[in-house]
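Shown next, in structure tokens, is the structure this report addresses.
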Amino acid sequence: MSLRNLNIAPRAFLGFAFIALLVIILGVFAVNRMATIRQASLDMSANQLPSVKYLGNLTENVLRLRILSFRILINREPAALEEAKTRVGVLVDKVKVAQKAYASTPAGPEEAALYKTFATTLDNYLTAQAEMLSLSQQNKVEEMRTLINTRIKDGTDQMGEQLNKLIAINSAGADQAARNAEGSYQQAVSGIVIVSVVAALMTVLLAWLLTRSIVTPLRKAVEVAETIAGGNLTKVIEDAGKDEPARLISALSRMQANLRQTIQHIAGSATQLASAAEELSAVTEEASKGLQQQNNEIDQAATAVNEMTAAVEEVARNAVSTSEASNQSNQAAREGRDRVVETVGAIQTMTQDVQNTAAMIEGLATQGRDIGKVLDVIRAIAEQTNLLALNA
748 MSLRNLNIAP
758 RAFLGFAFIA
768 LLVIILGVFA
778 VNRMATIRQA
788 SLDMSANQLP
798 SVKYLGNLTE
808 NVLRLRILSF
818 RILINREPAA
828 LEEAKTRVGV
838 LVDKVKVAQK
848 AYASTPAGPE
858 EAALYKTFAT
868 TLDNYLTAQA
878 EMLSLSQQNK
888 VEEMRTLINT
898 RIKDGTDQMG
908 EQLNKLIAIN
918 SAGADQAARN
928 AEGSYQQAVS
938 GIVIVSVVAA
948 LMTVLLAWLL
958 TRSIVTPLRK
968 AVEVAETIAG
978 GNLTKVIEDA
988 GKDEPARLIS
998 ALSRMQANLR
1008 QTIQHIAGSA
1018 TQLASAAEEL
1028 SAVTEEASKG
1038 LQQQNNEIDQ
1048 AATAVNEMTA
1058 AVEEVARNAV
1068 STSEASNQSN
1078 QAAREGRDRV
1088 VETVGAIQTM
1098 TQDVQNTAAM
1108 IEGLATQGRD
1118 IGKVLDVIRA
1128 IAEQTNLLAL
1138 NA
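Take 748 as the starting number for the sequence shown in this note's numbering and just add one per residue.
Next up, the structure:
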């Protein structure tokens, strides 16, 4: 499964959870190795070392008993004998206490069998010691010497050999426990080093993958944004992920498509506007020409009216002068004058209309010039829109 199919938050959570799992595994392994070392240490302190200690006490007390036996044989003074007897009783009690303590320690099959033989030998030895004390009380020195040189000596030698074997067994167990502890320590050190190195490598690899899965799509999104900002709206934008950067790139792709469509629509509208502006310019130009022609015709009409006015005035003067000469033509002249007055009024009215028409035409000409300026602005907008359309 690709990391890009997960959002950044779950992705980071899984990464740190994996690192935490590696730390937990390392801790469990270290605790397990430490427990093994502790068990070896406890076994040594609770079994081998106490056993060796108790066997040492047995050996020491048995040897002291033998020494006391020789002292009782040599020094026959009553006070010395009483003291020796008391010390023998104390040593016998110590031997029994050490024997009981040693018997309570764990033992293997070989050690148990050897201890059983030792216990029998010790019982025989203590019996011989009791007989020696009895012979001492009876002052049977020769029998005491014979007992010491036979049964007590043989018992002491046998117990010494058996105790040495038991000590050797426990020493071997202690050595084995020490070797086990050393082996566990070496395994713990090696395992912790290996697991630590693996955890560090996995952490670095995971950090690299996590960083790469975030930085790479963000870098791509920046490149896409810079491409769109540069005016390139034709580049294909694709991304196969499902995380936040992938959705950002997808949104930039949709924005690019929308911008491209918008600019295409603007370009089409600008083309239509330019065509309409050209048509309006042609119509305005034709209207301007028609108004100019009409203005010329009005000027000609005004000139003709002025000439007619002058002619009428001339006729009026002639009529006044001729009215005095001919009464017959007075009536006709009066009627002609009325007609002339009416004509002059009509001509003045027409002159006023022509002047008003000229003012209106001048206003239309001004509006035509304003329309021309608007057309110039529209043409500039159309040219800029065509440039944007070409870039798209």
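Idealized CB from N, CA, C, for every residue including glycine.
Locate the alpha helix (DSSP H) running through residue i, then write down its first and last residues.
i    : result
Q884 : 856-884
K900 : 900-976
T893 : 888-894
T783 : 755-790
R834 : 825-850
Return the Cβ separation of residue i and residue j in integer angstroms, given the expectation that the two are a contact with Cβ distance under 8 Å.
i     : j     : result
L953  : I766  : 7 Å
L1006 : L980  : 6 Å
I984  : Q1003 : 6 Å
A915  : L796  : In fact, because the Cβ distance is near 15 Å, the residues do not count as touching under 8 Å.
L810  : L861  : That belief does not hold up - the Cβ atoms of L810 and L861 are roughly 19 Å apart, past 8 Å.
L820  : V888  : 7 Å
DSSP three-state label for residue i, please.
i     : result
S997  : helix
P797  : helix
V983  : coil
E1061 : helix
N808  : helix
P853  : coil
N1043 : helix
N822  : coil
Tell me whether residue i is buried or exposed, calling it buried when 16 or more other Cβ atoms sit within 10 Å of its Cβ.
i     : result
N713  : Since the first residue shown for the chain is 748 and the last is 1139, residue 713 is missing from the structure and cannot be characterised.
V945  : exposed
A859  : exposed
S1022 : exposed
L965  : exposed
A845  : buried
A826  : exposed
G774  : exposed
Q1039 : exposed
F865  : buried
G1107 : Contrary to the premise, residue 1107 reads as Met rather than Gly in this sequence. M1107 should be labelled exposed.
I771  : exposed
T852  : buried
I899  : buried
V1088 : exposed
T867  : exposed
S883  : buried
S881  : exposed
P856  : exposed
V971  : buried
I895  : buried
M1029 : Note that residue 1029 is Ala in the sequence shown here, rather than Met. Under this definition A1029 is an exposed residue.
A1093 : exposed
Could you check whether the Cβ of residue i sits closer than 7 Å to any heavy atom belonging to the ligand ZN?
i    : result
M781 : With respect to small molecules bound, the structure shown includes none, and the ligand ZN cannot be examined in it.
For residue i, decide whether its Cβ has a neighbour in chain C, counting only Cβ atoms nearer than 8 Å.
i    : result
A921 : In the structure shown, chain C cannot be found, because there is only a single protein chain.
Quiz item: Can we say the segment 905-917 touches the segment 797-812, given the rule of at least three CB pairs closer than 8 Å?
Solution: The segment 905-917, when compared against the segment 797-812, does touch it at the 8 Å Cβ threshold.
Quiz item: Is the segment 936-945 in contact with the segment 767-783, if contact means three or more CB pairs nearer than 8 Å?
Solution: Yes, they touch.
Practice problem: Check whether the segment 807-825 touches the segment 867-884, taking contact to mean three or more Cβ pairs, one atom from each stretch, closer than 8 Å. | Solution: Yes, the segment 807-825 touches the segment 867-884.
Quiz item: When the Cβ atoms of the segment 784-791 are set against those of the segment 914-933, are three or more pairs found closer than 8 Å?
Solution: Between the segment 784-791 and the segment 914-933, the count of C-beta pairs closer than 8 Å reaches three or more; the two stretches touch.
Quiz item: Should the segment 912-927 be called in touch with the segment 827-837, which here means at least 3 C-beta pairs below 8 Å?
Solution: No contact exists between the segment 912-927 and the segment 827-837.
Exercise. Mind the definition here: the segment 1110-1130 touches the segment 1014-1022 only if three or more C-beta pairs lie below 8 Å; say whether that holds.
Key: Flag = yes, the segment 1110-1130 and the segment 1014-1022 touch.
Self-check item: the segment 991-1010 / the segment 1104-1120 touching (three or more Cβ pairs under 8 Å)
Solution: Contact between the segment 991-1010 and the segment 1104-1120 is absent: fewer than three C-beta pairs spanning the two stretches fall below 8 Å.
Practice problem: State whether the segment 956-964 contacts the segment 754-763, with contact taken as three or more CB pairs (one from each stretch) at a distance under 8 Å. | Solution: A contact exists between the segment 956-964 and the segment 754-763.
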